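Q:
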Amino acid sequence: MSTQLSLGRIARAVAAKDLRIELRSRVVINQIFPFAGLVMVMFAFALDNDDVLTRVAGGLVWLATLFSLIIIIQRSFAVDSADGALEAQRVAGLNPAGIFVGKALAVMVQLVTLEIMLFFAAVVLYRVELHSDGAVLLVTCVISATAGLSFVGTLYGGLTAGARGRETLLPLLMLPVVAPVLIGATRATESAFMSGGAAVSDGWPWVGVLVVFAAVFGLGGILSFGSLIEE
Amino acid sequence: MEAQTFTARVATPTTRLVGAMALVSMAWVVIGGLFVTPRDVDQGDAVRIMYVHVPTAWVAYLAFIVTAVASACWLLSRKHSMGFDRVAGASAEVGVVFMAMTLLSGSLWGRITWGSYWAWDPRLTTTAFLLVTYIGYLAVRGLGGSLEQRARRSAVIALLAVLEIPLVHFSVLMWRSLHQKASVLSGDGDIKMDGSMLTTLLVGVIGFTLTFTWLVLHRQRVLAMQDAMQMTQLDAALRERANESENKSVIESSRLK
């Protein structure tokens, strides 16, 4: 029996593999980032009011993130299931929990980069003002919300990748689950932006919700990912 | 090849009894709800919607609890008995129908009483999310693959839903609140309701629960037949393929000669 790789090493290797593929193929940078930017512009067309845009900017940033998450997850698993790489990883005896954490980490890195871009877009397009008081809140909110989104996305992405060709099911399964993240992250971001007279301190309870969410689905994913991707 | 036949009967004396009791209590609810009980002081005739709304909501939640418990039983039991999986599936199907009825009757009541079909309150929003989540669950059951695969996938999804629902509920609760406070289970034991109304409501709960039980019993038997049929078809296909290759090897060996 060969020596078992630790969960951390598997996760690092899987995450590095996924990120390397993304860096080389540039699909995320060339297609998904512009898509998210386009969504931000479309929101402005739909709402057509500068004050409203500034007021709801936090929610729009997170909605654009959710839409992009669906594509990033589909992409992340399409790369793996196209040539049976996911199965190969399982046959190679890698701990599914390690694969789960690794793929979620790679998604997390992509999402955080995307969110930074979206926040800049909000500043430019929606006239949002960033306050130094809200900076810590904003950073904590981004990290905890992104962790939750990545865990849920990877979990349900694994399920739909296991059932080949049923990617259309992903949004139906995933969006209801991430609703608490949308609510929590939006409220926390609005507090950090101080939009509509919100106080920065109002945002912290929401960060608590986001952290609990990420912990619950991180643990849930580690325990169940193996069952979901098994053929 | 001999064609295998199935007896297409799913009723047993027990289900017949449950069905008859369900019919009687439902008739009671219809007569009681529409004719016997008085109008409400504030809500008028709209209160009669309650005799359907409350029992369907109760049954939907009960159905999803049954699905979760059956899924956990499937995952934990060593034999992985398919019976648990079928009960989970049947119960979720019935639950989705009843949850849709709850939302429909609730929004009709809301239109009359609140003046709008929908309000963004925690109970309503969580209920809508439950409906969507279990529609997703049923879609996962329909993904295909082996019976074992279906059972494992859907059991995990059902248990993840158990994690999801409290989180959704809590976050929407933090978001806002407006729902009609529960009047029967208000906690202080003081029930503010006319006797005939309360009786009709309780009979409604019993009647709808019996209907649920009857539907699930029948549905899981039908599912068992479907599974058996799938297995026989698979066996038949395998046999056919085996015969084919045998014939082929006979032909090939005769050619070689």
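Listed in order, the protein sequences are those of chains L and E. Numbered by the working numbering, the letters in the first sequence go through residues 584 to 814 in order. Numbered by the working numbering, the letters in the second sequence go through residues 856 to 1112 in order. Idealized CB from N, CA, C, for every residue including glycine. The model shown is predicted, which means the values in this text are computed figures rather than measured ones.
Per DSSP, which residues does D895 of chain E bridge with? Please list them.
A: The residue you call residue 895 of chain E lines up with position 40 of the second sequence. DSSP, once it has assigned bridges, lists E:G899 as partnering D895 of chain E.
Q: Find the nearest neighbour of W913 of chain E within the set E:N1098, E:G1062 and E:A1091, judged by alpha-carbon distance.
A: Locating residue 913 of chain E in the second sequence gives position 58, counting from the first residue. Comparing Cα-Cα distances from W913 of chain E to each of E:N1098, E:G1062 and E:A1091, the minimum goes to E:G1062.
Q: Which word fits R1096 of chain E, buried or exposed, when buried means at least 16 other C-beta atoms lie within 10 angstroms of its C-beta?
A: Along the second sequence, one-based indexing puts residue 1096 of chain E at 241. By the 10 Å Cβ count, R1096 of chain E comes out exposed.
Q: Near L963 of chain E, which residues of its chain fall below 7 Å by C-beta distance, leaving aside the five closest residues on each side in sequence?
A: Along the second sequence, one-based indexing puts residue 963 of chain E at 108. Counting only Cβ-Cβ distances below 7 Å, and skipping sequence neighbours, we find I904.
Q: Would DSSP call G667 of chain L helix, strand or coil?
A: The count along the first sequence starts at 1 and reaches residue 667 of chain L at position 84. It is coil, neither helix nor strand.
Q: Give every residue of the same chain whose Cβ lies closer than 8 Å to the Cβ of T737 of chain L, excluding the five residues on either side of it in the sequence, and list them in chain order.
A: To locate residue 737 of chain L, count along the first sequence from 1; it is residue 154. Cβ neighbours of T737 of chain L beyond the five flanking positions: I656, S659, F683, K686, A687, V690, G804 and F808.
Q: Tell me whether the beta-carbon of M954 of chain E lies closer than 8 Å to the beta-carbon of T982 of chain E.
A: One-based indexing of the second sequence puts residue 954 of chain E at position 99. One-based indexing of the second sequence puts residue 982 of chain E at position 127. Against a cut-off of 8 Å, the Cβ pair of T982 of chain E and M954 of chain E comes out as a contact.
Q: Checking 8 Å against the spacing of the C-beta atoms, do A923 of chain E and V995 of chain E come in under that value?
A: Numbered from 1 along the second sequence, position 68 holds the residue referred to as residue 923 of chain E. Numbered from 1 along the second sequence, position 140 holds the residue referred to as residue 995 of chain E. Not closer than 8 Å, so no.
Q: If you follow the alpha helix (DSSP H) that M841 of chain L is in, where does it begin and where does it stop?
A: Because chain L is modelled from 584 through 814, residue 841 of chain L falls outside the range shown and cannot be assessed.
Q: Find the residues of chain L that neighbour S1026 of chain E, judging by a C-beta separation of less than 7 Å, and give them in chain order.
A: Along the second sequence, one-based indexing puts residue 1026 of chain E at 171. The contacting residues are P763, I766, G767 and V792.
Q: Does any residue of chain E bring its CB to less than 8 Å from the CB of P679 of chain L?
A: As a first step, residue 679 of chain L is located in the first sequence; it is residue number 96 there, counting from the start. Closer than 8 Å: no.
Q: Of all the residues that make up the region 1001-1020 of chain E, which are near chain L by a beta-carbon distance shorter than 9 Å?
A: Listed in sequence order: Q1004, R1007, R1008, A1010, V1011, I1012, L1014, L1015, A1016, L1018 and E1019.
Q: DSSP three-state call for Y709 of chain L: helix, strand or coil?
A: Looking up residue 709 of chain L in the first sequence gives position 126. In this structure, Y709 of chain L counts as helix in the three-state DSSP scheme.
Q: Using the beta-carbon count (16 or more within 10 Å), is H908 of chain E buried or exposed?
A: Sequence index remark: in the second sequence, residue 908 of chain E carries index 53 (1-based). So H908 of chain E ends up on the buried side.
Q: Which first and last residues belong to the alpha helix (DSSP H) in which T980 of chain E is found?
A: On the second sequence, residue 980 of chain E is found 125 positions in, with the first residue counted as 1. Unbroken alpha helix (DSSP H) run through T980 of chain E: P977 to R996.
Q: Kindly indicate which three-state DSSP category R609 of chain L falls into: helix, strand or coil?
A: Within the first sequence, residue 609 of chain L is the residue found at index 26, counting from 1. Reduced to three states, the DSSP call for R609 of chain L is coil.
Q: So, using beta-carbon positions, are G731 of chain L and F800 of chain L closer together than 8 Å?
A: On the first sequence, position 148 is the one that residue 731 of chain L refers to. On the first sequence, position 217 is the one that residue 800 of chain L refers to. Result yes, Cβ atoms of G731 of chain L and F800 of chain L sit closer than 8 Å.
Q: Would F1067 of chain E count as contacting chain L if we go by Cβ distances under 8 Å?
A: As a working note, residue 1067 of chain E is residue 212 in the second sequence. Answer no: the Cβ-Cβ gap between F1067 of chain E and chain L never drops below 8 Å.
Q: Does the beta carbon of F984 of chain E come closer than 8 Å to any beta carbon on chain L?
A: Here residue 984 of chain E is taken as the residue at index 129 of the second sequence, counted from 1. Yes, because at least one Cβ of chain L sits closer than 8 Å to the Cβ of F984 of chain E.
Q: So what's L917 of chain E in DSSP terms, helix, strand or just coil?
A: Stepping through the second sequence from its first residue, residue 917 of chain E is reached at position 62. The answer is helix: DSSP assigns L917 of chain E an H, G or I state.
Q: Among residues of its own chain, excluding the 5 on either side of G717 of chain L, which ones have a beta-carbon nearer than 6 Å to its beta-carbon?
A: Residue 717 of chain L sits at position 134 when you count from the first residue of the first sequence. Same-chain partners within the cutoff: A775 and V783.
Q: What in chain E is Cβ-close to L649 of chain L, meaning under 8 Å?
A: As a first step, residue 649 of chain L is located in the first sequence; it is residue number 66 there, counting from the start. By Cβ distance, chain E contributes nothing, its closest Cβ being about 15 Å from L649 of chain L, past 8 Å.
Q: Would you call the region 756-775 of chain L in contact with the region 707-726 of chain L, where contact means no fewer than 3 C-beta pairs closer than 8 Å?
A: The region 756-775 of chain L is in contact with the region 707-726 of chain L.
Q: So which of E:E1003, E:W929, E:L959 and E:G999 has the shortest CA-CA distance to L986 of chain E?
A: Taking the second sequence and counting its residues from 1, one reaches residue 986 of chain E at position 131. Comparing Cα positions, the closest option is E:L959.
Q: Should V711 of chain L be flagged as near chain E, meaning a C-beta pair shorter than 8 Å?
A: Residue numbering aside, residue 711 of chain L sits at position 128 when the first sequence is read from its first letter. Not an interface residue.
Q: Can you grab the Cα-Cα spacing for the pair P977 of chain E / T1087 of chain E, in whole Å?
A: If you number the second sequence from 1, residue 977 of chain E lands on position 122. If you number the second sequence from 1, residue 1087 of chain E lands on position 232. C-alpha separation (whole angstroms): 47 Å.
Q: So the alpha helix (DSSP H) I967 of chain E belongs to, where does it begin and stop?
A: The sequence position of residue 967 of chain E within the second sequence is 112, counting from 1. Run containing I967 of chain E: M937 to T968, per the alpha helix (DSSP H) assignment.
Q: Quick one: does L979 of chain E have its CB under 8 Å from some CB of chain L?
A: One-based indexing of the second sequence puts residue 979 of chain E at position 124. No, because no Cβ of chain L sits closer than 8 Å to the Cβ of L979 of chain E.
Q: Am I right that L621 of chain L and Y709 of chain L are in contact with their C-beta atoms under 8 Å? What's the rounded C-beta distance?
A: For the purposes of this step, residue 621 of chain L is taken as residue 38 along the first sequence, with counting starting at 1. For the purposes of this step, residue 709 of chain L is taken as residue 126 along the first sequence, with counting starting at 1. No, L621 of chain L and Y709 of chain L are not in contact; Cβ-Cβ is about 15 Å, not under 8 Å.
Q: Please classify M1052 of chain E as buried or exposed, where buried requires at least 16 neighbouring CB atoms within 10 angstroms.
A: Taking the second sequence and counting its residues from 1, one reaches residue 1052 of chain E at position 197. Buried.
Q: Check whether the Cβ of V924 of chain E lies closer than 8 Å to any Cβ atom in chain L.
A: Numbered from 1 along the second sequence, position 69 holds the residue referred to as residue 924 of chain E. For V924 of chain E, the answer is no, since every Cβ of chain L falls outside 8 Å of its Cβ.
Q: Show which residues of chain L have a CB atom less than 7 Å away from the CB atom of W1030 of chain E.
A: In the second sequence, residue 1030 of chain E corresponds to position 175, counting from 1. Those within 7 Å of W1030 of chain E in chain L are I766.
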